[in-house]
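Peer 1: For the sequence shown, position 65 matches number 65 in the UniProt record's numbering, and the numbering has no gaps at all. Here a beta-carbon is modelled for each residue, glycine too, at the ideal position from N, C-alpha and C. Bear in mind the structure is a predicted one, so any value in this text is a computation, not a measurement. This is the structure I want to talk about, given as structure tokens.
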Amino acid sequence: MPEDKSNKDSSEFLFIQEQISSKRRSRKVHMLRSLLWTIILACVFAVVACAVFYLANPFIARLLGEGTDKKTVQFPTLTPEDGNGTGVSVTPTPTVTPTPEGQGGKDSSGKGQKPGTIYIESHVAADIKDLNNIYYEIREIASGVNSSIVDITSTSSKADGLNENESYEVTKNVTGLILANNSVDLLILVTLDKIKDAKDIRLQINENISVKASIQDYDKDLNLAVLAVSLEDIPDAYETGLKAAELGESYSLIVGSPIIALGSPNGYVGSMELGIVSGINYGTYITDNKIDLFTTDVAANENSDGIIVNLNGDVIGIITNKLKDKDNGSVSTVIGISKIKKTIEAMVNQTDRSYFGVKCMDMTKQDLESADLANAICVTEVESNSPALEAGLQIGDMITTVGSTPINNVSTFNSAITALKPKDTVEVTVKRMIKDKEKEIKLSVVLGEVNGKK
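Structure below.
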């Protein structure tokens, strides 16, 4: 019996030992599980927090007045010496046809021939299919450019001539050229006088959908404006089909160069005309600058609007009615793109532009010799309330230097002015006729700002 009791106690003792060991193991497992779940939940929380922050960030940014940084837009340009006479800045690489293997670089007479020389073996008459192919390629070029052209409508109110207390709305269609997407807005070039008095300007997406546009900047002399359309307002499906235009060069155009007119060249929206450059070197003087004009053989009228492109699809000019010769109203007049690129770039980026306030003209070699000057431009007009007038410039003054820059022509004058900022003070040297004697005068000019900021 004592032995049985001993066995019983031993059994009970072992049972207790087993129970204690099991509880400790269970506690460790429980702690590990808790730790694992804590890690998992922390990861889930982090993922959810990141997703919520990502989705809410644009709304928070708008609420706090913060937004996506606007990208700075640049339009590279070349010098007048560059180009190949077609408005294209890059000279095409000649195609060289290799001599077929086995001919040893000799012709049938056994004499050597120049590598890459092409010999015409037979003439093939062109037929109507070849003409169709040419027009097909032209349509393809136009189709590519048309993805950069949009329809803008402007609505303005006009007084009723019969009843002074009533007015009616007038809606105009304007050709818009997409210049850039700066990550915030779509920036579009239009004719200023067609939208300047509008109470509502809209980008037409289709017949039923349009989005609001606003004037970002403009230039009165060029009669051009840049519109901004918020990317948030443009449907994604439509935005993907839009692209910025390629701005080419107009310095090297020659008479006879083939061109395509797009936009509303004949006054009808979405029209297209083919033609050639019919005249060049029609420069005109505007405030603080000189721009290049050229003409085409495309028929023009008072409603003409749009762009001129070369056969590479590059924009080489903007159709203008304001700057055309009034004696040749039916001639299509175009602003060459090269000299206005910097102005367009400044409007796109909303960069302040310096304003001097004169119209000048280049002086011929004979004029310079007569005035005993090596370089100068002649002032033909001083604008009212301009920095130039306040500084004392007069019609007939010959500007020889701006700061330390010698002025050889109006283009160098414009470069010197645009290199400065509004409110900068610059010393201008002029030669002036006073009592039949020419005297050199130095004037201090405080530059203003272009357009409404003058």
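1. For residue 340, I'd like the list of residues in its chain whose CB is within less than 7 Å of its CB, leaving aside the five on either flank, ordered along the chain.
2. Using only the alpha-carbon positions, how far apart do residue 220 and residue 272 sit?
3. Going by the CB atoms, is the gap between residue 371 and residue 330 shorter than 8 Å?
4. Buried or exposed: residue 153, going by 16 or more other Cβ atoms within 10 Å of its Cβ?
5. Give me, in chain order, the residues of the same chain whose beta-carbon lies closer than 6 Å to that of residue 98; leave out the 5 immediate sequence neighbours on both sides.
6. Just reading off the beta strand (DSSP E) that residue 415 is part of, what are its end residues?
7. By the 10 Å Cβ neighbour count, where 16 or more other Cβ atoms means buried, how is residue 413 classified, buried or exposed?
8. Which residues in the same chain as residue 324 place their Cβ atom closer than 6 Å to its Cβ, once the five residues preceding and following it in sequence are excluded?
9. Threshold first: 3 residues or longer. Then list the beta strand (DSSP E) segments lying entirely within the stretch 216-298, N to C.
10. Between the C-alpha atoms of residue 138 and residue 315, what's the straight-line distance to the nearest angstrom?
11. Pop quiz: residue 363 and residue 396 are said to be a contact at Cβ under 8 Å. What is the actual Cβ separation, rounded to whole angstroms?
12. Roughly how many angstroms separate the alpha carbons of residue 235 and residue 183, rounded to a whole number?
13. Taking the alpha-carbon positions, what's the residue 327 to residue 279 distance?
14. Whole angstroms are fine: how far does the CA of residue 30 sit from the CA of residue 21?
15. Enumerate in chain order the residues of its own chain whose CB-to-CB distance from residue 229 is below 7 Å, with the five nearest sequence positions on each side excluded.
16. Beta-carbon within less than 8 Å of residue 375's beta-carbon, same chain only, minus the 5 sequence neighbours each way: which residues are those?
17. What three-state label does DSSP hand residue 366 in the structure shown?
18. Is there a C-beta anywhere in chain C that falls below 8 Å from the one on residue 403?
19. Just to confirm, are residue 179 and residue 226 a CB contact at a threshold of 8 Å?
20. Give the C-beta separation of residue 250 and residue 338 to the nearest angstrom, bearing in mind that I take them to be a contact with Cβ-Cβ under 8 Å.
21. DSSP three-state call for residue 124: helix, strand or coil?
22. What residue does the alpha helix (DSSP H) around residue 389 start on, and which one ends it?
23. If you measure between the beta carbons of residue 402 and residue 416, is that distance less than 8 Å?
24. Between 286, 313, 284, 266, which lies nearest to residue 298 when the distance is taken from Cα to Cα?
25. For a test of the three-state rule: what should DSSP assign to residue 49, helix, strand or coil?
26. Note down the Cα distance separating residue 448 from residue 231, rounded to an integer number of angstroms.
27. Look at the alpha carbon of residue 199 and the alpha carbon of residue 404, and state the distance between them as a whole number of angstroms.
28. Decide if residue 388 is buried, meaning its Cβ has at least 16 other Cβ atoms within 10 Å, or exposed.
Peer 2: In terms of the structure at hand:
1. 222, 291
2. 27 Å
3. no
4. buried
5. With a pLDDT of only 43 at residue 98, under 50, the local geometry of the prediction cannot be trusted, and no value is derived from it.
6. Residue 415 -> not in any beta strand (DSSP E); alpha helix (DSSP H) instead, spanning 410-418.
7. buried
8. 333
9. 224-230, 258-264, 271-279, 284-286, 289-291
10. 15 Å
11. Incorrect: roughly 12 Å between the Cβ atoms, too far for contact.
12. 15 Å
13. 15 Å
14. With a pLDDT of 49 at residue 21, under the threshold of 50, the predicted position of this residue should be treated as unreliable, and no value is reported.
15. 185, 186, 188, 203, 211, 213
16. 368, 400, 406, 407, 408
17. helix
18. Protein chains in the displayed structure number just one, and chain C is not present.
19. yes
20. 5 Å
21. coil
22. 387-391
23. yes
24. 266
25. helix
26. 33 Å
27. 46 Å
28. buried
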